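Everything below concerns the one structure shown next.
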Amino acid sequence: MNSSEIKILALDSTAEVSSVAICKGERLLSEITVNTGNTHSETLLPAVEQALRMAELTVNDIDLFACSTGPGSFTGVRIGVATVKGVAYGKNKPCVSVSTLEALAYNLSGYKGIACPVMNARRSQVYNALFECESGKLTRLCPDRAIAISELDEELRSAGKPIYLCGDGYEMTEKGFKETDTEYVPVRQRYQSGYSVAQIALKKLENNETLSDTELVPIYLRPSQAERERQAKLDAEKTE
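If you read the sequence shown in the numbering used here, its first letter stands for residue -7, the second for the next number, and so on.
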């Protein structure tokens, strides 16, 4: 099938903002973005259903399913993955796992410089990756990681190129930078976009980087707080 004919359902629920998009190749058919503070368990599936109705499609019409699989909110990542696994189940259609950070960077692909997505990882850290933006294309400069804002500041201060932040860590990173100047990014381009997830997924499909619905899993850069507390308790018991 020609890539321009591929119908894609893509979503991102890895932060407070969630977004669902239906695309036909590069063409956006419908997109719903929610930033009301309601939990994704309440809003995500209804948004999927509404986006499909607006595009005059059913889930059976979809050729490719995609979602951001992390990093991000542990609960948000799990809900997004579970939603895609649910709607794709039994349809024998390809699924694509998309890095949250790469999807955020795609929002800035029209800029020239370095896209620096940052998501609040707590404890003065952000989830981050760096991408070079040139002529509408992204080139990854480092893997997804959790990094202290002070360390990222030190890394970027002599980059010699415009730095564009995006993600829910935008303001805390901007305030935390002491050595690095950043360029203004409009609010709409700072947050999750189902369309960006869809376009990255389309490229991954062309490169045969697909999964089955059962193979689609969350990707965490570090253990959850509950897992860390459990491990600390087990370590303490060993020393008693």
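Using N, Cα and C, we set each Cβ at its ideal position, and we do this for glycine too. Computed from a predicted model, the values in this text were never measured in an experiment.
Item, Value
"Taking all protein chains shown into account, do 16 or more other C-beta atoms lie within 10 angstroms of the C-beta of V179, making it buried, or fewer, making it exposed?", "exposed"
"Measure the alpha-carbon distance for S101 versus A121 and round it to whole angstroms.", "14 Å"
"Secondary structure at R115, three-state DSSP: helix, strand or coil?", "coil"
"Can the beta-carbon of I211 be found closer than 9 Å to that of P63?", "yes"
"Could you give the distance in angstroms between the alpha-carbon of G128 and the alpha-carbon of Y103?", "7 Å"
"What span of residues does the beta strand (DSSP E) with V51 cover, start to end?", "Here V51 belongs to no beta strand (DSSP E), and DSSP marks it neither H nor E."
"Using the DSSP secondary-structure output, state which residues sit across from L304 in a beta bridge.", "Missing from the structure shown is residue 304; the chain here goes from -7 to 232 and no further."
"Am I right that V69 and T61 are in contact with their C-beta atoms under 8 Å? What's the rounded C-beta distance?", "6 Å"
"Leaving out five residues before and five after S5 in sequence, what residues of the same chain have Cβ atoms less than 7 Å from its Cβ?", "H32, L36, G68, I71 and G72"
"At what residues does the alpha helix (DSSP H) containing R70 begin and finish?", "F66 to A80"
"Can you name the start and end residues of the alpha helix (DSSP H) that A193 belongs to?", "G186 to E198"
"Please go through the same chain and pick out, in chain order, the residues whose beta-carbon is closer than 7 Å to the beta-carbon of R220, but skip the five residues on each side of it.", "Reliability of the predicted coordinates at R220 is poor, the pLDDT of 44 falling under 50, and the value obtained from them is presented with this limitation in mind. Cβ within range, chain order: n/a, list empty."
"Taking the alpha carbon of L197 as the reference point, which residue from V88, P38 and A2 has its own alpha carbon closest?", "V88"
"Smallest Cα separation from E(-3): which of I54, E41 and T50?", "I54"
"Between G168 and S91, is the Cβ-Cβ spacing less than 9 Å?", "no"
"Please return the same chain residues whose Cβ sits closer than 6 Å to the Cβ of S188, not counting the five positions on each side in sequence.", "A95, Y98 and N99"
"Kindly indicate which three-state DSSP category Y98 falls into: helix, strand or coil?", "helix"
"Taking the alpha carbon of N(-6) as the point to measure from, which residue in L194, V209, L213 and D205 has its own alpha carbon closest?", "L194"
"Buried or exposed for Q42, going by 16 or more other Cβ atoms inside 10 Å?", "exposed"
"Give the single residue among D145, A107, E147 and M111 whose Cα lies nearest to the Cα of R132.", "A107"
"By DSSP, does T143 sit in helix, in strand, or in coil?", "Before going on, a small fix: residue 143 reads as Glu here, not Thr. Residue state, collapsed to three classes: helix."
"Given N112, which residues of its chain have a CB within under 7 Å of its CB, disregarding the five upstream and five downstream residues?", "V118, D160, G161 and M164"
"Considering only the alpha carbon of each residue, which of A190, E207, E201 and T206 lies closest to C15?", "A190"
"The beta strand (DSSP E) that contains T25, what's its start and end?", "R19 to V26"
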